[in-house]
Structure formats: C-alpha cells, structure tokens
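Student: Pasting in a structure now, in structure tokens, and then I'll have a few things to ask.
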Amino acid sequence: MTVFTLLSTPLGTAACEKHAKALQFIEEMTKNADAVQEKVLAEILTRNAETEYLRRYKLNGATDRETLKSKVPVITYEDLQPEIQRIANGDRSAILSGHPISEFLTSSGTSAGERKLMPTIREELDRRQFLYNLLMPVMNLYVPGLDTGKGLYFLFVKSETKTPGGLLARPVLTSYYKSDHFKTRPYDPYNVYTSPNEAILCSDSFQSMYTQMLCGLYQQKEVLRVGAVFASGLLRAIRFLQLHWQQLAHDIATGTVNPKISDPSIRECMSSLLKPNPELAEFITGECSGENWEGIISRIWPNTKYLDVIVTGAMAQYIPTLNYYSGGLPLACTMYASSECYFGLNLKPMCKPSEVSYTIMPNMGYFEFLPHESTSSALSRDSPPRLVDLVDVEVGKEYELVISTYAGLYRYRVGDILRVTGFYNSAPQFHFVRRKNVLLSIDSDKTDEAELQKAVENASELLREYNTSVVEYTSFADTKSIPGHYVIYWELLVKDQGNAPREGVMDQCCLAMEESLNSVYRQGRVADNSIGPLEIRVVKNGTFEELMDYAISRGASINQYKVPRCVNFTPIMELLDSRVLSAHFSPAFPHWTPERRR
110 MTVFTLLSTP LGTAACEKHA KALQFIEEMT KNADAVQEKV LAEILTRNAE TEYLRRYKLN
170 GATDRETLKS KVPVITYEDL QPEIQRIANG DRSAILSGHP ISEFLTSSGT SAGERKLMPT
230 IREELDRRQF LYNLLMPVMN LYVPGLDTGK GLYFLFVKSE TKTPGGLLAR PVLTSYYKSD
290 HFKTRPYDPY NVYTSPNEAI LCSDSFQSMY TQMLCGLYQQ KEVLRVGAVF ASGLLRAIRF
350 LQLHWQQLAH DIATGTVNPK ISDPSIRECM SSLLKPNPEL AEFITGECSG ENWEGIISRI
410 WPNTKYLDVI VTGAMAQYIP TLNYYSGGLP LACTMYASSE CYFGLNLKPM CKPSEVSYTI
470 MPNMGYFEFL PHESTSSALS RDSPPRLVDL VDVEVGKEYE LVISTYAGLY RYRVGDILRV
530 TGFYNSAPQF HFVRRKNVLL SIDSDKTDEA ELQKAVENAS ELLREYNTSV VEYTSFADTK
590 SIPGHYVIYW ELLVKDQGNA PREGVMDQCC LAMEESLNSV YRQGRVADNS IGPLEIRVVK
650 NGTFEELMDY AISRGASINQ YKVPRCVNFT PIMELLDSRV LSAHFSPAFP HWTPERRR
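In this text, residue positions in the sequence shown follow the numbering used here: the first is 110, and each later residue adds one.
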C-alpha cells in the first residue's frame, strides 16, 4: 500500500493524508479510464450472468464490449417495466440482478405519470458514499479551512411506500439519509452539519425545516457554507425564514422550542443545544424585520464562503434570485448523480455556473453515449446507431447518456443530454445540457409536452358547457415566487358572450390541470410544499398571432412556425403579460397520497 509522505497531487496540495489519497484515487481512475471501464463491464456481466435478463440475450459468458453492443439492446424504462413490476410484486428470482434487490429508488415520472421504480442493491450505498467522500478533498483545494466551521445544509426525507411484494420505494436521498452510512457516519471535521440527524430524518416537513433553520441561526457564526440539494430548496428555506423569523427569534431569546415542534427526538436533542441568547435574537430581528432582504444570507451567516446547490439544467433559472439573497456568493455545483447511478464530480467546483463540467468517474458504472442527433431515429432494433465509449466522445458534441450498472440496468437510457467540454486525463468532462423532453420544472418535478397537452385538454372539458374552447396555449415556470409555480397562458374562443364561463370556472380549470399532472408534481404541491398553485393567465384574442408575427420578424419560417409550448425569452414574456385579461389560481390541493405501489 502506498504511503503518502507528501500531500502534493496533480490536482493540488491536499489538506491532509486522507484527502491526498482521495485526490490520488481520482488521478488513477481518470488516467486509466478505458481500462477501468473494461473491468467494470466485465464485473457487471460476470456477477449478473445467470440473470433471466442477460440469459435472454445469449451472451454465453462473454464479458466484452463488442458482445454487449451486438447482443444487448439499448432500452428505456418502459422496456423494463414488466420485469420491474414482477420484482415489485414479490418475485425474488434473479431477474435483473444476481444480488438481491434491497429496495426501489423512485425517480421522475413515467409517461403514465407514475414515479419510476429503479431497482438497487445494498452495495450501491457503498458506491454512493465513495463519491461523496471525494467531494470535500476537491473543494478544500479551492476553499481551505472548511474544517474550522460547519455546513448549514437543508436536507429532508420524503415519503416512502412499500410495493405489494414488501420492498421499500423511496427517493435516493431518503434512502441515503436513512442508512447507517449517513446516520452513523464517522466524525469528519470537513463534514460537520448544523442540523442534527433528528431534524433531517423527521418526515414532517415543517418541523424539519423549522428545526434546521433554528439550529443554523443559533450557530450562525460557525457556518462556513450554506446549501441544499437543489437551488429551489435553498430558496424555499429563505422564504421559510421570511415567514417564521419572529417565532425563531423568540425561541433563541428564551432558549425554548416552538410548541409546534412535537417530534420527541427533536425536542430531546434541542433541549441540550439551546440556551437563551437574547443578543442573537435581537440581531436576527434587526436583519429580518426590514423590507430589504438583499444579501440576507451573507448578513445572517457572515462567514459563508459559498452556496452548495445544483444550479445546472432547469435549476439555472434560480441563479439571479440566489445572487440577490446571497449578495453574490459563489455557487458550487459539486456532483452529478441520479437515482439510476452516481456519475461523477466537478473538479473545479468554484467555477461559474455556466462553466460547470462534471468529470465522469469510470468506476461508478459502465457508460456509453448515444450521439444526440441520432436519438430522433427512435433506435430502430434493426439498425441501432453505434454508441460511443466513454473515452471516445468528442469535445463539443452532445450525447445522451446510456448506462449499465451493478444493480441490473443494461444499456439503459437515462434521458440526460450532455455536452463534452474537455477531458481530465483520459476521462471526459460534461456540461449538463438538459433532461430529454422536459418542458417545465420547478423542483424535482419534470413535465413534458405530452403531459402538458393532456392536462390542458382535460381542463378545457370544463369549458364545454359554456361553448368555450382553448385556441392556443403556452407556459413557463415562474421562479420569482417562492415556491415557484407553473403559469399557463390560454387564449380562449368564447362563442356565446352571453354564456361566458362564470366566476370560479377558470380556477377549477387550474385545479383540473394539476389533477392531470404526474405524482411527482402533486407530491411537490401537497406534501413537500415545493411547488405553488398553478396559474392560468387568459390573454386577449389574437395574442398568439402577435407571437407568431414576432417570431417571423426575428427570422422564423412562416411555413415551419409552431407555437412554443414553453417560453422564457423576456420580450415574448413581456408581450404575453401585456395582453393578460385575467389571472386565476388553483383553489385547492390536487389529490395525492403515498399509496402502496400497484
């Protein structure tokens, strides 16, 4: 075993021997990316050789790339649903994985609006933990001294269900936070949080947020970094502070906990932490009672060096608001992961959000890349396009990520579109461009065009008795409000003005649209409070013709013009908003319950 006498590595000088080993590991993996990928694929195919799925394709014990590419098809979630349903219903035979399926990780919705169930095995927790352990050694190269303070991270568990066969189904982060890897993690001075485990693991979102905010305020001088998983989650925490600072200040002044916090484990751990601190309460009151909240994060947590949040992809829409509340603190995007697999990390975490690139760690799974221009060919089984290996991607080109995992996914299309920005050693670096086909997203919800169309159709049924129809529509994700919400612009054709839709009907149309959206959206509305009520803005007749005229004036072809189903270009937004006749909001929560999986 190598003895590290020096802390110097090609990435930079490490803070300690443990960090030096982590940085050296990154170096070895990225230098030997192709060999590591060959080894990973061989391990995946060997340990899963006797599974029903791989036997179907007659690999006959082969573990090489060429056999995989020639015999195993590229698939989507829908292709796997029959196998996944059997596992969910209790079939414990080796269908996809040679190791027992330990639980399902829930992911964004399917075309039918339900959450995807991604099978996982116990050892995947080790693989995820491994990637987490690389983050701080890299970050400390750019922001030294993080072992002298704490991180204020707003982390939450979400609801979990059981499948008919008794397996848990829950989001990947809920699985991680509830695991011993997180709950009994060894002390690490670089990873000390202000939030106690009891608060993070509380399933009541109000009690969890309140306690985490209270702890963050109470330890405000020790906080060196502030974060959440998504940018939207951090903004939700700031909004929570705006609404509840008076109760929080009272608790700090008196050393007591709000009676609304009833969770016994939280109350017990807070009793040993909280002592009366009237001076701090007065400071918080002074900062929060004014109208100006610009730079509030830097004002309340003055030693904060950066915000740790995902601001790539759909989350980029929150950057201006984060800059406003933080006073322009750096935004760090540290890692790239999904329910299916953890992929890699950002080796320059303090770069601008627009320059974020993730280096794929070749030991996490076996990665292939579908050139993006060929995804429209719908992957004919007769003449499938040639997928590109990890080390063979080309700088500047866009690809859809295809993965094979230890847990039993083989040549699975993740749905992420990535652009190659360069290489670190022989490992490519990617900019996350977008999720395929996603139109609207506020938090972890992802709504595509077909789903939005169906929701509009269902809602417009309520207008039939008034002889009214929706002529055209478009949408945008309004993230200026906290939480953000969907805005849908409708142009109506009212055929009988004497029988126009009465008051309240349009509000019901908003609710009908919400009822039509997927369970991830509805959970965000009902349980997580991460999405606000849907809004319909009715615009004047002729508005969408003006929209077309504007597009044509900017060079669009009149023959090929299609109404964009989602807009975010400022002049178009201004045109639409200047034509609004009335605005309507969903009057109630849509239906959502954490039911057992069918």
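Cβ coordinates follow ideal geometry from the N, Cα and C atoms, glycine included.
Keep in mind it's a predicted model, so treat the numbers as computed, not measured.
Going straight from the alpha carbon of Cys311 to that of Val547, what length do you get?
Tutor: Straight-line Cα distance between these residues: approximately 31 Å.
Student: If we count the other Cβ atoms within 10 Å of its Cβ and call it buried at 16 or more, is Val247 buried or exposed?
Tutor: It is buried - the Cβ of Val247 has at least 16 other Cβ atoms within 10 Å.
Student: Give the DSSP-derived three-state secondary structure of Glu147 in the structure shown.
Tutor: Of the three classes helix, strand and coil, the one that applies to Glu147 here is helix, per DSSP.
Student: Tell me whether the segment 693-700 and the segment 620-637 touch, counting them as touching only if at least three CB pairs, one residue from each stretch, are closer than 8 Å.
Tutor: Yes: at least three Cβ pairs fall under 8 Å.
Student: Taking all protein chains shown into account, decide if Leu357 is buried (16 or more other Cβ within 10 angstroms of its Cβ) or exposed.
Tutor: Leu357 is buried by the Cβ-count criterion.
Student: Report yes if the CB atom of Leu656 is closer than 8 Å to the CB atom of Leu684, and no otherwise.
Tutor: Yes, they are a contact pair.
Student: Starting from the Cα of Arg195, find the closest Cα among Leu243, Arg231, Gly275 and Asn242 and give me that residue.
Tutor: For the residues Leu243, Arg231, Gly275 and Asn242, the minimum Cα distance to Arg195 belongs to Gly275.
Student: Look at the alpha carbon of Asn361 and the alpha carbon of Leu350, and state the distance between them as a whole number of angstroms.
Tutor: Here residue 361 is Ile; the residue named in the question, Asn, does not match the sequence. Approximately 14 Å, taken between the alpha carbons.
Student: Cβ of Thr229 within 8 Å of Cβ of Ala516?
Tutor: Contact: yes.
Student: Around the C-beta of Tyr296, are 16 or more other C-beta atoms found within 10 angstroms, so that it is buried, or is it exposed?
Tutor: Tyr296 is exposed by the Cβ-count criterion.
Student: Span of the beta strand (DSSP E) holding Ile597?
Tutor: Where Ile597 is concerned, the enclosing beta strand (DSSP E) stretches over His594 to Val603.
Student: Am I right that Ser584 and Tyr598 are in contact with their C-beta atoms under 8 Å? What's the rounded C-beta distance?
Tutor: Indeed they touch by this definition, with Cβ atoms about 7 Å apart.
Student: Between Ser288 and the rest of its own chain, which residues show a CB-CB distance below 7 Å, the 5 nearest in sequence each way excluded?
Tutor: Cβ neighbours of Ser288 beyond the five flanking positions: Leu234.
Student: Closer than 8 Å is the cut-off here; do at least three beta carbon pairs connect the segment 522-541 with the segment 468-482?
Tutor: These segments touch.
Student: Would you decide whether Gln426 is buried or exposed? Buried here means 16 or more other CB atoms lie within 10 Å of its CB.
Tutor: Its Cβ being crowded by 16 or more others within 10 Å, Gln426 is buried.
Student: Any idea what DSSP makes of Gly531, helix, strand or coil?
Tutor: Gly531: strand per DSSP, three-state reduction.
Student: Do you know offhand how far Pro253's Cα is from Val281's?
Tutor: Those two C-alpha atoms are separated by around 30 Å.
Student: Is Lys180 closer than 8 Å to Leu168 when the C-beta atoms are compared?
Tutor: Cβ distance < 8 Å, so Leu168 and Lys180 count as in contact.
Student: Which first and last residues belong to the beta strand (DSSP E) in which Val635 is found?
Tutor: Run containing Val635: none in the beta strand (DSSP E); it sits in the alpha helix (DSSP H), Ser628 to Val635.
Student: Comparing C-alpha positions only, which one of Asp525, Phe678 and His693 sits nearest to Val646?
Tutor: Note on residue identity: the sequence assigns Arg, not Val, to residue 646. Measuring from the Cα of Arg646, the nearest candidate turns out to be His693.
Student: Could you check whether Asp554 and Ile640 sit closer than 8 Å to each other, using their CB atoms as the reference points?
Tutor: A contact, by the Cβ cut-off of 8 Å.
Student: Pick from Asn249, Tyr467 and Leu120: whose alpha carbon is nearest that of Leu132?
Tutor: The candidate whose alpha carbon is nearest that of Leu132 is Leu120.
Student: Express the C-alpha separation of His208 and Ile591 in angstroms, rounding to a whole number.
Tutor: Each residue's Cα considered, the two are about 43 Å apart.
Student: Would you call the CB atoms of Pro462 and Cys442 closer than 8 Å?
Tutor: Taking 8 Å as the Cβ cut-off, Pro462 and Cys442 qualify as a contacting pair.
Student: In its own chain, which residues sit with a C-beta less than 6 Å from the C-beta of Asp372, not counting the 5 before and 5 after it?
Tutor: So the qualifying residues of the chain are Cys311 and Gln316.
Student: What is the residue span of the beta strand (DSSP E) that Asp417 lies within?
Tutor: Note, Asp417: beta strand (DSSP E), Tyr415 to Ile419.
Student: First and last residue of the alpha helix (DSSP H) that includes Ser380?
Tutor: First-last of the alpha helix (DSSP H) with Ser380: Pro373 to Leu382.
Student: Measuring CB to CB, does Val500 end up less than 8 Å from Gly531?
Tutor: Going by C-beta atoms, Val500 is not nearer than 8 Å to Gly531.
Student: Determine the extent of the alpha helix (DSSP H) in which Thr283 is found, giving its start and end residues.
Tutor: From DSSP, the alpha helix (DSSP H) with Thr283 extends over Val281 to Tyr286.
Student: Looking only at its own chain, which residues have a Cβ that is under 6 Å from the Cβ of Leu264, when we skip the five neighbours before and after it?
Tutor: Closer than 6 Å at Cβ, skipping near neighbours: Ile309.
Student: What is the DSSP secondary structure of Glu581, counted as helix, strand or coil?
Tutor: Note: Glu581 maps to strand in three-state DSSP.
Student: Determine which residues share a DSSP beta bridge with Ala158 and list them.
Tutor: None, per the DSSP bridge assignment.
Student: Looking at the strands, I want to know which residues DSSP matches up with Tyr521.
Tutor: Per DSSP, Ile184 and Ile512.
Student: If we count the other Cβ atoms within 10 Å of its Cβ and call it buried at 16 or more, is Gln355 buried or exposed?
Tutor: Exposed, because fewer than 16 other Cβ atoms sit within 10 Å of the Cβ of Gln355.
Student: To the nearest angstrom, how far is it from the Cα of Ile347 to the Cα of Tyr251?
Tutor: For Ile347 and Tyr251, the distance between alpha carbons rounds to 26 Å.
Student: Check for me: the alpha helix (DSSP H) holding Thr443 runs from which residue to which?
Tutor: Counting along the chain, Thr443 falls outside any alpha helix (DSSP H), and DSSP gives it neither H nor E.
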